Amino acid sequence: MLGLRGCSAAAVLPSLKAFPASLLLHSRLVHNISQPRSLALSRVMATCRVPNRYVARSDLIALLDRLFPGQYIVTVRHSIEIRDATNPSQEHSDAWVVSNISRELTERLQRRINEIRVENADSKRFVPERELYDVMTRDVIAKVVVDFTPFDHSEEVVDFIINGAQKVFGVLVLIGYVGYLEHFIRKDQLQARPVDDLLPLAKPVLQEILNDNYIAELFHEKQWEFCVPVFSGRIIPRAFERQTILPYLADSFLSAGGYGSVHKVEIHPSHRPQNFETTTVFVRKELELDDSTYENEVRVLSTLQRLQHPNILKLVGCYTYNSKHNLIFPYIPDGTLRKFLKQEKPPNLTREEMFCSVAGLASATWALHEFALEDTEPSHKGHHQDLRPDNILVDGDRFILADFGLSSIKSMEEVSKTPFKGRRGYCQAPECADLGHPYQEHETTRATDIFSLGCIIADILIYLVKGPAGVEKFNHNREFHMPPMCYYLYHKGESSNEAVAASLKKVADEDGSQSMRDVVQLVSSMLEILPNKRPAAAAVTATLYLSIIKAFAEQFTVLFAQFTSSFPDAFIEEARFQSWAWSQDSELYSSSSGATTTAKIFDSTIEILRQMKHALESIDENASDLDCRSFLEVRTLNTQLLNMLSPERRSSARSRLESILLANMEPGSAVYQTLRSAFGDSRLTQIADTKHLVAQVEGATTPLTKPSFKIISGPIAYTRQIGQYKIAKIRRDQHGQGKWAIVETIQYQDQLRRQRLLPRIYALCDLLTTDHLRQQLCIPPFHGLKDNVDAFCFEMVYDFPNEHKGGLSGLSPLSLRQLLTEREPSKFPSWESRLKLGFELAESLAAFHDVNWFHKDLTSFSVLFFPTHQTSPSARASRPYLLGFQHSRSAIDDFTEGPLQDRKHHRYHDPRYICVENHQFTRFRPQFDYYSLGILLVEIGFWDTIDAVMDEYKNEDNHVFSASLIKHKLPTLSFSMGSRYANIVKQCLTGLGEQAPTNLLFKQKVVMPLKSLNRFYPAQEPEPDRKREREGEGEITRR
């Protein structure tokens, strides 16, 4: 405050050129001034010639001399107070007071802002942004501005500050010139942008805005305390001014090297990224100004940042300051993978959890190699070029891919090859450089990263089994000399390093699990000398994902084993988990969804598996209250896993579950009794009931007294024959009309054979009568059985399919054999239709085997179609129906008759089945049905009979015939139907690779691949003919 008595106005006023006119004009700021003096004041203001409504110093002095002749007091602080000196004790009745702001409120706000200022690591003070906004409330701002703003403008000024001028206002508060906010408002050009966004302002700009060099200097110096950088996730490089104050509360040196120096910094909470709310500690990597890796690393990380991959190091910010480049990253306290591999192995480290960590690293490499946003094709391809343990960070159970200084990102159209950049360490791929003399570097590709990643995974596997000492020994075992150098690489130039394969084999043998063997095999493929033999990153990731699931499954097998013998619910839940695990394959995890999306989905899956493991470990097998309720949590988690599957995979898992349960279920067992309570009236329980019924019939020496099917006693009027089947008209009742049917005859020679066949025929009829199985078995509606004792035969009668009941007059039943013999190309079905037909027949055979039933005569003669006159010739081979049950029997039936004697059917039988050894036929096995299906698939693929396809081998025995088919005809079939189809046929003809012939394996290797092909290449439904179909039933047209 400046207070003087008895001085002239010229001597009292500070050396200011002008005073704000608004302070003098606003009536609210002038208290108890007499009317004449107010009028004089107004006249001076009206004649003011100073820009921006400022009162010139000379005009103000003249005004004061005129208003207060003689002596007066001028006080200048946060207000201008002029009082008559002749009466110092006078009240304000004759005093003129012009207030800038309320002194008390201003001082309080100044004090509050000073209290929130903090000191950074460089001993510079700054005002944290969030704390400033907490102080600058609307109420506080309104009370301060009311005393320097006209009443009609005050609300607008408050809005101006609240909506983006808190920092400018704060600076003016601290320097004591709040009234100068008006200048910023007048200069904003009515733009919507916040004034604070213009900070920091250069000194010339401030001088132009404020029209006062002194105040501009004060503002310029103070503004840096309010312009502290906020790391908000923006990663475009910034260039900071020399006066910039950084928000680092602490900055400590960690390490230095050829890559620059690394510092640990603590960022003020108000200036850290919002997605790092749990930490304030980060890493600052400092590089020299001429370091070319800075811009490259920023470019790569900026590109990868869009993916938000959990295993790629995030870039928090980057800037240049004081001639240094700086990169800000999250602080990873556990250090590098190299450090981790030297530490003692954690006691709770499990195989599956370590595989999860490795899979995350592989997924990050996949994301770099094939940059693809969600639901888009890869747009860029990356290449790390410096994969080694030093550049991988360990964050708890996650491995983080870091240090992209040597990396490259290219468009998918560009050539992948990149010059080798002289990396250090033992993870160098053989194609990078020649080890001998002279030393020469070469170009590298993404396959180089795969080799390096294989080296890293090998180290991790050694550590998992043998600990840090094993890693150190592994390093020494790789030592070899190539004068004048000694190397520890995973290769020896143009050949493999034998120590690597030997060490990995020992690890696999010592661990003993199949999941470990799978990963070791994967690593071996990644360490191939030739780059083109190494798998892609997507395939590596998918294989690791499957190995993780297998590792969990191995744990679950042990945990479930405690309960499955005593608790059927445990057995069922284990089967449900196995069915889910079976639905997982590499195609699921290496799809076009991209690495990041796939990683998120898989992380959700792993979380459920961890919960399931914990749930199983929490069940006490010795608890007295152990019952089915103990497995409710496991059941819920199994349901979550199954619900995550696509509809196609869920259907596949359901089929697998049925096969597992039915294969291990004995009629009357506890599992059988539990099925209904667990699954209700589902397809599975219906199949179980059918299987139980069939078993009852098979166990009887005579038929059941009350069969579930109709026994036909009346005559059957045959009209014509289709191959081995007859078309007939069956009388409904004594008054009703007849209905069309197809009849299959099963002959016997004498009454003894009839007695042997009777239980089997009854069991077969019970099976065919089961409504819920008819569609799965692809059989026409079963009408009933006639025991024609006079003709020594059983006649099995089937109704025509339900969809044809409204217009049977136009039906013309045909066998597949008849269609194959028609050689007019216009009548050939489409490629897609043939795929669908093959899948439907395979699915039908699997359904028979599900209920422990063999077909035994699967040929083109036993496949029927029911086209109408309106069906186009090329669409006739749709909706197949399966017959030919003359020799069909249950798998548990001891009575066997050997193959049919009809030589036309011999080519459909496995050579081992029709071979007679020691005057005995080989007992029928499931793979013999698979072989017959394989022959059918060959006929469907070539759309010709097997005799025509193999005409040049017609005189060969079945062994030579079969071998020649596989060797000479399957390559041609591959050309016409595709390699996947041909491989499916080969699986059928070779007995599924001589593995244990189970229905599960058949579904895995035949049914599901055919379903996949059918899904990708769906057959178009034939368009209905426009001709009206004649109503009523009539004679079936003869061919």
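Note that my numbering gives residue 464 to position 434 of the sequence shown, counting from 1, and the numbers run on in steps of one. Where a beta carbon is used, it is the ideal one built from N, C-alpha and C, also for glycine. As the structure is a prediction and not an experimental result, all values here were calculated from the model.
What is the DSSP secondary structure of residue i, reduced to helix, strand or coil?
| i | result |
| --- | --- |
| Ser660 | helix |
| Asp796 | helix |
| Cys516 | strand |
| Val550 | helix |
| Asp977 | helix |
| Lys447 | coil |
| His511 | strand |
| Tyr456 | coil |
| Leu888 | coil |
| Gln756 | Here residue 756 is Lys; the residue named in the question, Gln, does not match the sequence. If DSSP states are grouped into helix, strand and coil, Lys756 belongs with the strands. |
| Arg58 | Interpretation of Arg58 is limited by its pLDDT of 33, a score under 50 that renders its predicted location unreliable; no figure is taken from the coordinates. |
| Leu913 | coil |
| Arg268 | strand |
| Arg919 | strand |
| Ile1070 | Residue coverage of the chain in this structure runs from 31 to 1069, which leaves residue 1070 outside it and unanswerable. |
| Gly523 | coil |
| Asp539 | helix |
| Phe858 | coil |
| Gln900 | coil |
| Gly497 | helix |
According to the neighbour-count rule (16 or more other Cβ atoms, all chains shown, within 10 Å of its Cβ), is residue i buried or exposed?
| i | result |
| --- | --- |
| Cys516 | exposed |
| Asp479 | buried |
| Gly768 | exposed |
| Val570 | buried |
| Thr669 | exposed |
| Glu137 | exposed |
| Val990 | exposed |
| Thr666 | exposed |
| Val175 | buried |
| Phe261 | buried |
| Lys344 | buried |
| Arg679 | buried |
| Thr573 | buried |
| Asp940 | buried |
| Phe822 | exposed |
| Ser482 | buried |
First and last residue of the beta strand (DSSP E) that includes residue i?
| i | result |
| --- | --- |
| Thr775 | Gly768 to Gln777 |
| Met826 | Cys823 to Asp829 |
| Gln751 | Ile746 to Ile752 |
| Ile430 | Arg428 to Leu431 |
| Tyr278 | Tyr278 to Gly287 |
| Asp820 | Asp820 -> no beta strand (DSSP E), and no H or E assigned at all. |
| Val893 | Val893 to Phe895 |
| Leu423 | Ile422 to Asp425 |
| Ile439 | Ser438 to Ser441 |
| Lys411 | His410 to His413 |
Between which two residues does the alpha helix (DSSP H) carrying residue i extend?
| i | result |
| --- | --- |
| Glu296 | Element bounds for Glu296: not the alpha helix (DSSP H) but the beta strand (DSSP E), Gly290 to Ile297. |
| Gly868 | Trp861 to Asp880 |
| Gly964 | Pro956 to Phe972 |
| Ala246 | Asn243 to Lys252 |
**Prompt:** With a cut-off of 8 Å, do at least 3 Cβ pairs link the stretch 586 to 604 to the stretch 550 to 563?
**Reply:** Counting Cβ pairs under 8 Å, fewer than three are found: no touch.
**Request:** State whether the stretch 745 to 761 contacts the stretch 770 to 783, with contact taken as three or more CB pairs (one from each stretch) at a distance under 8 Å.
**Result:** Judged by Cβ distances under 8 Å, the stretch 745 to 761 makes contact with the stretch 770 to 783, as three or more pairs qualify.
**Request:** Report the residue ranges of all beta strand (DSSP E) runs contained in full by the stretch 301 to 385; include only those spanning at least 3 residues, in chain order.
**Result:** If we require 3 residues or more, the beta strand (DSSP E) runs fully inside the stretch 301 to 385 come out as 311 to 318, 347 to 351 and 354 to 360.
**Length at least 4, wholly inside the stretch 573 to 634: the alpha helix (DSSP H) runs in chain order** = Within the stretch 573 to 634, the complete alpha helix (DSSP H) runs of at least 4 residues fall at 598 to 612 and 616 to 619.
**Request:** Ignoring anything shorter than 4 residues or poking outside the stretch 1019 to 1043, list the alpha helix (DSSP H) runs there in chain order.
**Result:** Given a length threshold of 4 residues, each whole run of the alpha helix (DSSP H) inside the stretch 1019 to 1043 is given here in chain order: 1029 to 1032.
**Stretch-stretch touch, CB-based, cutoff 8 Å, three pairs: the stretch 300 to 320 with the stretch 421 to 429** = Per the Cβ contact rule, the stretch 300 to 320 is not in contact with the stretch 421 to 429 (fewer than 3 Cβ pairs under 8 Å).
**Item:** At least three beta-carbon pairs within less than 8 Å, the stretch 350 to 359 to the stretch 313 to 325
**Value:** The stretch 350 to 359 vs the stretch 313 to 325: in contact.
**Asked** Going along the chain, which unbroken runs of the beta strand (DSSP E) with 3 or more residues stay wholly within the stretch 155 to 225?
**Response** Not a single unbroken stretch of the beta strand (DSSP E) spanning 3 or more residues falls wholly within the stretch 155 to 225.
**Asked** Quick check: the stretch 246 to 260 against the stretch 282 to 296, are there 3 or more CB pairs under 8 Å?
**Response** Touching, no.
**Prompt:** Three or more beta-carbon pairs under 8 Å between the stretch 964 to 979 and the stretch 993 to 1005, yes or no?
**Reply:** Yes, the stretch 964 to 979 is in contact with the stretch 993 to 1005.
**Message:** Three or more C-beta pairs under 8 Å: does that hold for the stretch 486 to 503 against the stretch 434 to 442?
**Reply:** Under the 8 Å Cβ criterion, the stretch 486 to 503 does not count as touching the stretch 434 to 442, having fewer than three qualifying pairs.
**Request:** Check whether the stretch 737 to 748 touches the stretch 871 to 880, taking contact to mean three or more Cβ pairs, one atom from each stretch, closer than 8 Å.
**Result:** Verdict: no, contact absent.
**Item:** At least 3 beta-carbon pairs within less than 8 Å: the stretch 623 to 635 vs the stretch 391 to 400
**Value:** Touching, per the Cβ criterion.
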